[in-house]
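Counting along the sequence shown from 1, when you hit position 330 you're at 928 in the numbering used here, and nothing is skipped either side. Single-structure report; data block below.
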Amino acid sequence: MDPISRRSVLAAGAAGTLVAASAVAQAASYGNPNEPPQGAVNTTGNPSSATDPGPQNPALASQFPGAFSPPATDVGSMPMFWASFNNAPRRIQDGGWARQVTQADFAIATEISGVNMRLTRGGIRELHWHQAAEWAYVTRGAVRVTTIDLAGRANVEDIGEGGLWYFPAGLPHSLQGIGEDGAEFILCFDNGMASEYNTLLINEWFTHTPPEVLGLNFGVPPETFAKIPLHDLYIFQGAMPGPLAEDQAQAAGSLGKMETSSVFALSSMAPVKKTKGGEVRIADSSNFKAATTIAAALVTVHPGGMREMHWHPNADEWQYYIAGQASMTVFNTGPKAVTQDFRPGDIGYVQKSLGHFIRNTGNTDLVFLEVFRAPQFQNVSLSQWLAHTPRAMVAQHLNIDPAVIGRFPGDAPAVVPV
Ligand code: MN
Ligand code: MN
599 MDPISRRSVL AAGAAGTLVA ASAVAQAASY GNPNEPPQGA VNTTGNPSSA
649 TDPGPQNPAL ASQFPGAFSP PATDVGSMPM FWASFNNAPR RIQDGGWARQ
699 VTQADFAIAT EISGVNMRLT RGGIRELHWH QAAEWAYVTR GAVRVTTIDL
749 AGRANVEDIG EGGLWYFPAG LPHSLQGIGE DGAEFILCFD NGMASEYNTL
799 LINEWFTHTP PEVLGLNFGV PPETFAKIPL HDLYIFQGAM PGPLAEDQAQ
849 AAGSLGKMET SSVFALSSMA PVKKTKGGEV RIADSSNFKA ATTIAAALVT
899 VHPGGMREMH WHPNADEWQY YIAGQASMTV FNTGPKAVTQ DFRPGDIGYV
949 QKSLGHFIRN TGNTDLVFLE VFRAPQFQNV SLSQWLAHTP RAMVAQHLNI
999 DPAVIGRFPG DAPAVVPV
C-alpha cells in the first residue's frame, strides 16, 4: 500500500470512532505529524516534488526503495546504519580472500567490526593473534580451528555451516578450510576499529627476530630457521589436515584440551522462539560458554513476517544479512525514524536501546544474524511491555479500547505474526 492510500484509509477509519473535530486534526497529521511534514504524502497535486531528474544510477538506486521513497512515518535523519561487504575490496591470495567493514568505513559501528573471508579446501589463515576477541559464523563449508588457552591446553575442532567459533582477545589461533569447496564465513571483532589487516602474524615475528634469538628461544640451532618465509603468509594454500583425533592428540600433549569448546553448532540447535512468522536461535555465554564477550541471534523471518518492534538494553546490534531481503526502520529520540533496505552480504547496525523492526520484503525466507558485544542476549519486546502494563494506563496513552490491548502478544514472540 503506498503512503497516500495508507494515510487515507487510516484517516477514514479514525473519523468513524473519534470526536469529529479531533478526528480531522489527527487524520491530517497521521503518519508524520512534524512540521513541515516529510514524504510523498506532501506531493499530491505537485508530483514533480518527488521525481529525481538525475544524475542517478538506477541499478544502485533500485536497491534502496526505503531511502528513495521513505514511508510517510519516517522523520528526520540519523547516522548511516547500512553497510555492505558487497562493495568492500577483496584481498585475494592463493588459498582464499578477505574483505572487511570496520568503523573506518562505517562510523556508527563502534562496538563491532566485520570481516568476510573465504578459504579454499586446505586454504590456511596464518597462525596469528590480535587485541580483540574474535567470533565467527560459517556461511558455507567447514573450518578446522586451532587455539590454546592461558594454561596451554589446546582445542582443535571442526565446525560446519551454521556454526560459530570464539577466540578470546589475545589468544592465538589458526583457521583452515576443510569443506569439499573449502569454506566462507564472517568474523566479528568486539571492537569497531579492529582490522583484519592488523593482526600479529607468526611469520612476521620470526622474520624480524635474530636467528640466534630464535635458536635460544626454541632450544634448537639457529640454522633451523634458514628457510623460513621472509614475509607474512596471511592466507595461503595448504595441505588438507589429517584426521581430527590425531591433530587433537598431538596438540593436547600432556596438557589436555580446553575446558570449554571453541565452537558451537548454532543452526543445529532447537529454536528458542518459533511462530507463524519465523524462528530465532540464540547463542551467548549461557549455552556457548566460550563466547564471553559476544552474544548472537540467528533469525529466520518467513515471507510476510517481521522481526517484532523491540530494542536491546545492553549493547549495540551488528547485523549480517544471509538470505532474502529486508527493510529495517530504526526509531530514536527527536523524533527520528529512518528506513533502509538490506540484502545478502549487507550489514546493519542499531545503537543500544534504539527501537527497531525488520520486515521481510521478499518472497523467500529472510535470514540474518544479530550480533552483540555482550555476554548475554537481551531483548525488550514492545508488545510484551504493553501487554504487561495495566491496560487503563496503556489505553489512556494510545486511545485504544483496553480489550484490544488485551490481545497484544504478551510473550515476546520475536517474529510475528504469532
Ligand atoms: Mn583471528
Ligand atoms: Mn534487534
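The beta-carbon is built from N, C-alpha and C at its ideal position, and this holds for glycine as well. Bear in mind the structure is a predicted one, so any value in this text is a computation, not a measurement.
Specify the secondary structure class of residue i as computed by DSSP and reduced to three states.
i        : result
Ile-800  : helix
Asn-815  : helix
Glu-844  : helix
Gly-652  : coil
Gln-835  : strand
Ser-793  : coil
Arg-1005 : coil
Glu-759  : coil
Val-1016 : coil
Asn-753  : strand
Ser-866  : helix
His-908  : strand
Phe-823  : helix
Glu-810  : helix
Gln-917  : strand
Met-856  : coil
Ala-626  : Note that Ala-626 scores 45 on pLDDT, short of 50, meaning its location in the model is unreliable; the coordinates nonetheless yield the value given after this. Reduced to three states, the DSSP call for Ala-626 is helix.
His-954  : strand
Gly-768  : coil
Met-676  : coil
Given residue i, which residues of its chain have a CB within under 8 Å of its CB, disregarding the five upstream and five downstream residues?
i       : result
His-726 : Pro-770, His-771, Ser-772, Thr-797, Leu-798, Leu-799 and Ile-800
Arg-604 : Model confidence at Arg-604 stands at a pLDDT of 42, short of 50, so the residue's coordinates are unreliable and nothing is read from them.
Glu-778 : Arg-719 and Gly-739
His-986 : Gly-1008
Gln-974 : Asp-882, Ser-883, Ser-884, Ala-893 and Asn-912
In chain order, what residues of the same chain have a beta carbon less than 7 Å from the beta carbon of residue i, not counting five sequence neighbours either side?
i        : result
Pro-1000 : Arg-989, Ala-990 and Ala-993
Phe-765  : Ala-731, Glu-732, Thr-745, His-771 and Ser-860
Pro-809  : Pro-820 and Phe-823
Thr-807  : none
Asn-789  : Ser-711 and Ala-730
Gly-768  : Trp-727 and Gln-729
Phe-679  : Ile-706, Val-928, Gln-938, Gly-946, Tyr-947 and Val-948
Phe-666  : Ala-659
Kindly indicate which residue of the options has the alpha-carbon position closest to the one of residue i.
i        : options                                : result
Gln-691  : Val-673, Arg-742 and Asp-830           : Asp-830
Glu-709  : Phe-970, Pro-687 and Val-1014          : Phe-970
Lys-855  : Phe-862, Ala-843 and Pro-663           : Ala-843
Cys-786  : Gln-917, Val-870, Val-1014 and His-910 : Gln-917
Leu-980  : Val-1014, Gln-835, Asn-997 and Gly-960 : Val-1014
Thr-962  : Gln-949, Gly-876, Leu-984 and Gly-643  : Gly-876
Glu-724  : Gln-636, Glu-802, Asn-684 and Gly-953  : Glu-802
Lys-871  : Phe-662, Val-899 and Phe-955           : Val-899
Asp-944  : Phe-666, Asn-685, Ala-894 and Pro-973  : Asn-685
His-908  : Ala-659, Leu-964, Leu-952 and Pro-635  : Leu-952
Thr-737  : Asp-747, Ala-749, Gly-760 and Leu-748  : Gly-760
Val-741  : His-910, Ile-722 and Ala-648           : Ile-722
Pro-911  : Val-1016, Val-878, Lys-950 and Met-904 : Lys-950
Gly-840  : Ala-868, Ile-776, Val-878 and Ser-660  : Ile-776
Ile-757  : Phe-816, Phe-804, Ser-866 and Gly-817  : Ser-866
Glu-915  : His-954, Thr-641 and Met-904           : His-954
Val-1016 : Gly-903, Thr-649 and Ala-702           : Gly-903
Val-978  : Asn-655, Glu-906 and Pro-651           : Glu-906
Are the beta-carbon atoms of residue i and residue j separated by less than 8 Å?
i        : j       : result
Glu-668  : Thr-937 : Looking at the sequence provided, one finds Pro at residue 668 rather than Glu. Yes, Cβ-Cβ distance for Pro-668 and Thr-937 is below 8 Å.
Ala-696  : Arg-689 : yes
Leu-967  : Ile-920 : yes
Ala-849  : Leu-864 : no
Gln-947  : Ile-706 : Correcting the residue type first, residue 947 is Tyr in the shown sequence and not Gln. Taking 8 Å as the Cβ cut-off, Tyr-947 and Ile-706 qualify as a contacting pair.
Asp-845  : Val-743 : no
Asp-1009 : Gln-982 : yes
Pro-1011 : Thr-858 : no
Gly-674  : Lys-934 : yes
Gly-694  : Ile-833 : yes
Leu-717  : Ala-781 : yes
Gly-836  : Gln-774 : yes
Gly-643  : Asp-672 : no
Arg-941  : Gln-661 : yes
Phe-1017 : Leu-812 : The question about residue 1017 has no answer here: the residues shown for the chain are numbered 599 through 1016.
Ser-640  : Ser-647 : Per the sequence presented here, residue 640 reads as Asn, with Ser not at that position. In this structure, Ser-647 lies closer than 8 Å to Asn-640 by Cβ.
Val-713  : Gln-698 : yes
CB-CB under 6 Å to residue i, same chain, minus the five flanking residues each way: which ones, in chain order?
i        : result
Phe-704  : Ala-681
Phe-886  : Phe-862
Ala-888  : Tyr-764, Thr-858 and Ser-860
Ala-734  : Trp-763, Phe-783 and Leu-785
Arg-751  : Leu-853, Gly-854, Lys-855 and Met-856
Phe-1006 : Ser-981, Leu-984 and Ala-985
Leu-964  : Val-899, Gly-922, Ala-924 and Asn-958
Kindly indicate if chain B contains any beta-carbon less than 8 Å away from that of residue i.
i       : result
Glu-802 : No chain B is part of this structure, which consists of one protein chain only.
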